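Notes follow once the structure below has been shown.
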Amino acid sequence: MINEHVGRDVPEDWGYDGGCSFCRIIAKELPSAVLYETDEVVAILDILPLRPGHTLVIPKVHISHVTDLPADIAAATGAAVSKVGKAVSEGKSTRGLRRATGATGV
Ligand SMILES: [Zn+2]
1 MINEHVGRDV PEDWGYDGGC SFCRIIAKEL PSAVLYETDE VVAILDILPL RPGHTLVIPK
61 VHISHVTDLP ADIAAATGAA VSKVGKAVSE GKSTRGLRRA TGATGV
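Oh and the sequence shown: position 53 is 53 in the UniProt record's numbering, straight run, nothing missing.
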């Protein structure tokens, strides 16, 4: 577990509700901000981000343990993590803002 998750205040209704929240997001039963989607995975913004751009890449099949992930879905997830991670990093780049505003320097 990432230490920054320990002791965080989260809404009370985030507890177990008899279903998998990620499956409900994929089924569009719960709202989400989708950044990327394929037949195998979906990438959404975290609703309680640790940092700007904090994104979750979720397989569209319900998997309780990462060790149960089929190889083809693991590959699709890895490819999505790489693609989305690069896009989010580029989107957060201050260099891009500086270019857009004409500022110089770093
Ligand atoms: Zn699920």
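We put the beta carbon where it would ideally sit given N, CA and C, even for glycine. Just so you know, these numbers come straight off a predicted model, no measurement behind them.
Integer-rounded CB distance, given that residue j should sit under 8 Å from residue i
i, j, result
"A76", "E40", "4 Å"
"V81", "V57", "5 Å"
"I44", "P59", "At roughly 12 Å, the Cβ-Cβ gap does not stay under 8 Å, so I44 and P59 are not in contact."
"H62", "C20", "6 Å"
Range of the contiguous beta strand (DSSP E) that encloses residue i
i, result
"T55", "55 to 59"
"E29", "It is not in any beta strand (DSSP E) - E29 carries neither H nor E in the DSSP assignment."
"V66", "Element bounds for V66: n/a, residue is neither H nor E."
"L45", "41 to 45"
Extent of the continuous alpha helix (DSSP H) to which residue i belongs
i, result
"residue 179", "The chain is shown only over 1 to 106; residue 179 falls outside these bounds and no answer can be derived."
"V84", "71 to 91"
Proximity below 9 Å, CB of residue i to CB of residue j
i, j, result
"V88", "T67", "no"
"K92", "P52", "yes"
List in chain order the residues whose CB is within less than 6 Å of at least one heavy atom of ligand 1. C20, F22, C23, H62
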